[in-house]
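Numbering (our numbering), first residue to last: 329 to 644.
Only one structure is covered here, and it is reproduced in the block below.
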Amino acid sequence: MSLVTTTALFDRSSTARLELRGADRQRFLNGLVTCDTKTLTPGHGAYGFFTDGKGRVLADVVVLALEDRLWLELPAGQGDAIASHLQKYIIADRVDVGALDGWLPISLLGELPDGLFGLDAAPAVPYENLSLTAAGFAVHAVREGRQGLDALSLWVPQEGAEAVAQALLAMPGVKAIGEQDVEVRRVAAGVGKWGQDFGPEHFPQETGAEAEAVSYTKGCYLGQEIVARIHYRGGVQRALRGLRFADAANSHLPALGTAIMADGRESGRLTSVARSAMWGTIGLAVLHQRVGEDGATVELETGETATLAALPFGRP
């Protein structure tokens, strides 16, 4: 089987990264995110959302627990905003918030090369993580979630990123891909992207990631009452949906932001679109439930049509 990898020079270097230190770091963060961070032990992690007081999504986040700190991976450009958000709620908490500028993630998608940097067994559970040595540098290996296929990231000191990337590319079957190829896999996996498919106007239940990102047993956090009320009293009217477009030779991709209609009314807007030989032309959008069930046909404001498709996309 082949392996595809992307270095930090392509898609992952743009993510924002923060570090939390201090004795109260896990309890403190637990009060601001939808996932359970209070019970995380070193070597484990979680995916969740920062929400505001009204239960809407400020950003999604991957939390990694190390021995004496937490690492937070955030959407590109959101580091300063979330750092300020965290600082606002520090009162008497023993917590320090700082940027994690010195580390870059290099992602491996697919089957790992045999004997990867002496790794006997790769982390198996999403966001499980461990330390190892790669190309002479101490790095941190993390089993990823929400990548569309098996994925492992190596968090590498910035000064060692190029050396580690070249060591990976020298392994049989490993090759670099660009951001566009990664985007195709994300869309095909039905993985919404903060700032594109969902954002501050959405509740966690509208993102397609509620089951993974929201704990309903962890206790209170900012916006928890509203998020829980939505969950226990019938849900929301909108949800992330898949769209499959009819392909024609040399046809253009539907434009992002195009309105999707149902019953003569706008029901949402196209937020992601991709084309590949395997899946054809596919897209994502948060749509009102009036658009119907999977298999129904919807019309775009341009007159084009699309078929609602179950997520993740399978082979055509």
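Don't be surprised by glycine CBs; every beta carbon is placed ideally from N, CA and C.
Per DSSP, the bridge partner or partners of residue 469: DSSP lists 458, 482 as the bridge partner or partners of residue 469.
Residue 531 - partner residues in DSSP beta bridges: Residue pairing by DSSP places residue 531 in no beta bridge whatsoever.
Anticipated Cβ contact below 8 Å, residue 375 with residue 471, distance rounded: In fact, because the Cβ distance is near 12 Å, the residues do not count as touching under 8 Å.
Secondary structure of residue 417, DSSP reduced to three states: DSSP places residue 417 in coil when its eight states are reduced to three.
Local Cβ density within 10 Å of residue 552, reported as buried at 16 or more and exposed below that: By the 10 Å Cβ count, residue 552 comes out buried.
Any beta strand (DSSP E) of 3 or more consecutive residues that is wholly inside the segment 607 to 635: Qualifying beta strand (DSSP E) stretches, in chain order: 608 to 616, 625 to 628.
Backbone CA spacing between residue 344 and residue 536 [nearest angstrom]: So the alpha carbons of these two residues sit roughly 22 Å apart.
Rounded straight-line distance, which links the Cα of residue 599 to that of residue 582: Distance between the alpha carbons of residue 582 and residue 599: 10 Å.
Own chain, CB closer than 6 Å to residue 542, minus 5 neighbours either side, in chain order: Hits under 6 Å: 362, 532.
The segment 567 to 574 contacting the segment 601 to 609, beta-carbon criterion three pairs below 8 Å: Short answer: they touch.
Residue span of the beta strand (DSSP E) that contains residue 602, given as start and end: Here the beta strand (DSSP E) through residue 602 covers 600 to 604.
Neighbour-count burial assignment, residue 588, 16 or more Cβ in a 10 Å radius: By the 16-neighbour rule on beta-carbons within 10 angstroms, residue 588 is buried.
Contacts around residue 554, its chain only, beta-carbon distance under 7 Å, and the 5 residues preceding and following it disregarded: Counting only Cβ-Cβ distances below 7 Å, and skipping sequence neighbours, we find 382, 383.
Backbone CA spacing between residue 407 and residue 522 [nearest angstrom]: Pairing residue 407 with residue 522, the inter-Cα distance amounts to about 13 Å.
Given 8 Å, three or more beta-carbon pairs between the segment 476 to 487 and the segment 420 to 434: The segment 476 to 487 is in contact with the segment 420 to 434.
Nearest neighbour of residue 457, chosen from 629, 414, 372, 425 [CA to CA]: Ranked by how close their Cα comes to the Cα of residue 457, the residues 629, 414, 372, 425 have 372 in first place.
Extent of the continuous alpha helix (DSSP H) run through residue 389: Unbroken run through residue 389 is the beta strand (DSSP E), 385 to 393; no alpha helix (DSSP H).
Classification of residue 337 by the beta-carbon crowding that lies within 10 angstroms, buried from 16 upward: No answer about residue 337 holds up, because its pLDDT of 37 lies below 50 and its placement is not dependable.
Among 606, 579, 618, the one whose alpha carbon lies nearest that of residue 592: Among 606, 579, 618, the Cα nearest to that of residue 592 is on 618.
DSSP three-state assignment for residue 641, whether helix, strand or coil: In the structure shown, residue 641 falls within a coil segment according to DSSP collapsed to helix, strand and coil.
Cβ of residue 346 within 8 Å of any chain B Cβ: Here there is only one protein chain, and chain B is not present.
Where the alpha helix (DSSP H) through residue 497 begins and ends: From DSSP, the alpha helix (DSSP H) with residue 497 extends over 489 to 497.
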